[in-house]
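Add 1 to a position in the sequence shown, counting from 1, and you land on the number used in my numbering. Data block below; observations after.
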Amino acid sequence: MKKALIFLSFICFLPYLHAQNLYPILKKSKWGYMNNRGEMLIDFKYDLAQNFHEGYATVALGNMPCLIDNKENRVIDTGIYQFIGTYSEGLVPVMDYKFKNYYMNAKGEVVLSLPKEVYEARSFHSGLARVGKKIDVVQNKFGFDISNLGYKFAFIKKDGTYATDFIYDDADDLDEGIARFLQGTKFGLLNSDGKEIIPATYEFISNFNEDLAVVNQMGKFGFIDKSGKLVIEAKFTYAKEFNEGLAAVEVEGKFGFINKSGELVIPALYEDIRPFSEGRAAVMLGGKWAFIDKDGRYIYQPQFEDAGFFNEGLCAVRIKGKWGAIDKEGKVMVPFEFQNIGIFEDGIAEVIFKSINLYVNRFGEILPK
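Listed below in structure tokens is the structure:
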């Protein structure tokens, strides 16, 4: 399931680290890393600790960043760069103390030095990275030209050549070989060759999920495929991304589900809807949340104050202001004692417990132990 579907907004570092099994954890203002059994593998010593990605993570000592591998070897030491980004596709963006940007490899070697005009560099995805430069935006007001600082963005290749010019007002990282970009107030799409799939014509484009993306065209929502073709007419008041072959749409103030032919297969009866996951979807009716199957039949009656979606057989739900988690039979697996619960991945989920960010396993045990 796409991360864009995650609705629990407190999550700032959900773990997607199956290979490393390392999860950042905070104690008394210092960060360390635990495995999914709650055992501390890297002690609490860092001022900052980000997720591991492809075996590497950016951490900070003395508030200076460095890059470590999952054995805690320093690939890039402290005191050299004021910024170190996320390692991706064999490279990591860095910025020195003179505000010059580079890309480095897993040996800590500079492989690409960017021009001085580049003030920001993002990680590589599908062979391209978004970079930005500052520009002067001149506007005429009351007969005078007034200059203000602005920004433009482009995409760069790993050999240092540009796949696009600096023509975008904003742009995402590529996801599955496609990136959204913004020109003015309109969204368009480009591919991993830097070629525009569709120009900036839509008021909104979502991320792609199951090869389709939601678009807003003149205030109505529909769906496009990866070629940019409008495959489901923009006729809905609102729409959410497809998951498990169904997408939530709003019709006359209520939500239901459509299939990929645009047919309303679950009637628009609900006040709100979560995406389908593991054959179930949370729906709100009368201010309470329940779960339905793909035929629209209730699995559990409306009783929850809030609900997420199932992953690894568990789903976060809220009762009497506290969050817990149930399994597919409705059995409470994680007690209702948390301020919030994230999505279960690799057998654990992030929680807020007594205003502290911790983790919980599928048996309700708080981690680290």
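Cβ coordinates follow ideal geometry from the N, Cα and C atoms, glycine included. These figures come from a predicted structure and were not determined experimentally.
In terms of Cβ geometry, G185 and D173 do not form a close pair [threshold 8 Å]. Under DSSP, R363 forms no beta bridge with any residue. Fully enclosed beta strand (DSSP E) runs of no fewer than 3 residues occupy 145 to 158, 179 to 184 of the stretch 141 to 190, in order along the chain. In terms of Cβ geometry, K187 and A201 form a close pair [threshold 8 Å].
Uninterrupted beta strand (DSSP E) stretches at least 3 residues long and entirely within the stretch 266 to 328 occur at 282 to 286, 289 to 293, 299 to 305, 315 to 320, 323 to 328, given in chain order. Here the alpha carbons of Y88 and V352 stand approximately 26 Å from one another. Between the C-alpha atoms of L191 and F205 there is a straight-line separation of about 15 Å. The C-alpha of A50 is placed about 7 Å away from the C-alpha of A61. Nearest C-alpha to G220 among F209, S207, Y239, S127: Y239. Contact annotation: the stretch 117 to 130 touches the stretch 151 to 167, with at least three C-beta pairs closer than 8 Å.
Taking the Cα of N217 as reference, the smallest distance to any Cα among M96, E245, I26, V250 is reached at V250. Taking G91 as the centre and dropping the five residues before and after it, the same chain places the C-beta of N106, A107 closer than 7 Å to its C-beta, in chain order. The beta carbons of S193 and L129 sit about 6 Å from each other, so the pair counts as a contact at 8 Å. The alpha carbon of V215 has as its nearest neighbour, out of I259, E253, E197, G195, the alpha carbon of I259.
Our two residues, S356 and E338, have alpha carbons roughly 12 Å apart in a direct line. Under a 10 Å Cβ-count criterion, E366 is classified as exposed, with fewer than 16 other Cβ atoms of the shown protein chains found around its own Cβ.
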